Amino acid sequence: NLRDIYKNAHLTRREDILMDLDNQGKNMSNEFQNKINKVCSAGALFKKFPSNSLQMMIQSGSKGTPVNAMQISGLLGQIELEGCRPPLMISGRTLPCYKPYSCSLQSGGFVESSFLSALKPSEYFFHCMAGREGLVDTAVKTSRSGYLQRCLIKHMEGIKVAYDYSARDSDGSIIQFLYGEDGCDTCALQFAQDNKFE
Numbered sequence: 262n263l264r265d266i267y268k269n270a271h272l273t274r275r276e277d278i279l280m281d282l283d284n285q286g287k288n289m290s291n292e293f294q295n296k297i298n299k300v301c302s303a304g305a306l307f308k309k310f311p312s313n314s315l316q317m318m319i320q321s322g323s324k325g326t327p328v329n330a331m332q333i334s335g336l337l338g339q340i341e342l343e344g345c346r347p348p349l350m351i352s353g354r355t356l357p358c359y360k361p362y363s364c365s366l367q368s369g370g371f372v373e374s375s376f377l378s379a380l381k382p383s384e385y386f387f388h389c390m391a392g393r394e395g396l397v398d399t400a401v402k403t404s405r406s407g408y409l410q411r412c413l414i415k416h417m418e419g420i421k422v423a424y425d426y427s428a429r430d431s432d433g434s435i436i437q438f439l440y441g442e443d444g445c446d447t448c449a450l451q452f453a454q455d456n457k458f459e
C-alpha cells in the first residue's frame, strides 16, 4: 500500500524514499498539467487571440508570459517549495485539512483551480507558501548582491591608472601591468561594424 510506504518513510525519516515518492508525485502532476495545458491553450479560450486583450499583451511581448495566461485561465499546477512538493508536517499532513499520509495530488500541493475560477482555501495556502519563498529569496539575493557591490567598491576605490598605463593602488603596488590588458580608454573607443573591414 502506497500510504503505508509513505507513512513508514516519514516516521523512520528515510529521505531517499521520501524523495523518490516526491519525484513520482511531481512526474504525475506534471503529466496531468501538460495534458490540461494542451486542452486549455489559446485555441480553447472563449475569446480568441485578436479579440482577447490578455493574449494580445502576451503575444506582443509587452506584458505577461504564457505561464501567466495559463494560471489565469487554466490552472496553477504543482506548487513547489525549494524544488520539491510541500513537505509533510510532524502530523503526517501537508495541511490540517488533509488526512495523514494522503497520497492525492491535491494534498501534495497540486492546485487544480485557476485565478479566474478562484482558489480553494487549501490551494491558497499552498500558493502563499510558494509566494513567501519567492519574496524571501528576492530579499536575500538583493542584500547579498548589494553587500558584494559595496565590498568591491570599497576595495577598488583607491585604484588608479598611472602614467605608464599600469593600474596601481594607493601605495603604488601594481594591480595590472597594462590597464584593461590593452591600454585603451574605453570611453574614447568607437564600435567598428563588420563591413568596415572589407
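Quick note: the sequence shown, position 11, residue 272 per my numbering, numbers continuous.
Yeah, the Cβ is synthetic: ideal placement off N, Cα and C, and Gly gets one too.
In this text the structure is predicted, and so the values were computed from the model without any measurement.
Residue from the options with nearest C-alpha to residue i
i: leucine 349; options: Tyr362, Glu341, Leu337; result: Tyr362
i: glycine 419; options: Ile435, Asp425, Ser406; result: Ile435
i: tyrosine 440; options: Arg429, Lys287, Gly344, Leu263; result: Arg429
i: tyrosine 359; options: Ser383, Lys299, Arg393, Lys308; result: Ser383
i: lysine 308; options: Ala330, Gly353, Asn295, Ser323; result: Ala330
i: threonine 273; options: Cys412, Pro327, Cys445, Gly353; result: Gly353
Limits of the unbroken beta strand (DSSP E) element including residue i
i: glutamine 451; result: Run containing glutamine 451: none; DSSP gives neither H nor E here.
i: glutamine 437; result: 435 to 437
Assigned secondary structure, residue i (DSSP; H/G/I helix, E/B strand, else coil)
i: glycine 353; result: coil
i: phenylalanine 386; result: helix
i: leucine 342; result: strand
i: phenylalanine 376; result: coil
i: lysine 381; result: coil
i: lysine 415; result: helix
i: alanine 428; result: strand
i: lysine 421; result: strand
Proximity of residue i and residue j at Cβ, strictly below 7 Å
i: glycine 286; j: glycine 369; result: yes
i: leucine 337; j: isoleucine 297; result: no
i: alanine 391; j: isoleucine 340; result: yes
i: serine 290; j: leucine 409; result: no
i: glutamate 394; j: leucine 342; result: yes
i: aspartate 283; j: arginine 346; result: yes
Residue i: CB within 6 Å of a non-hydrogen atom of the ligand ATP
i: glycine 344; result: Questions concerning the ligand ATP fall outside what the structure shown contains, since it holds no ligand whatsoever.
The alpha helix (DSSP H) enclosing residue i, as first and last residue numbers
i: serine 323; result: Serine 323 -> no alpha helix (DSSP H), and no H or E assigned at all.
i: asparagine 288; result: 276 to 300
i: proline 362; result: According to the sequence displayed, residue 362 carries tyrosine and not proline. No alpha helix (DSSP H) contains tyrosine 362, which DSSP labels as neither H nor E.
i: tyrosine 267; result: 263 to 272
i: serine 460; result: Outside the shown range of the chain, which is 262 to 459, sits residue 460, and nothing can be said about it.
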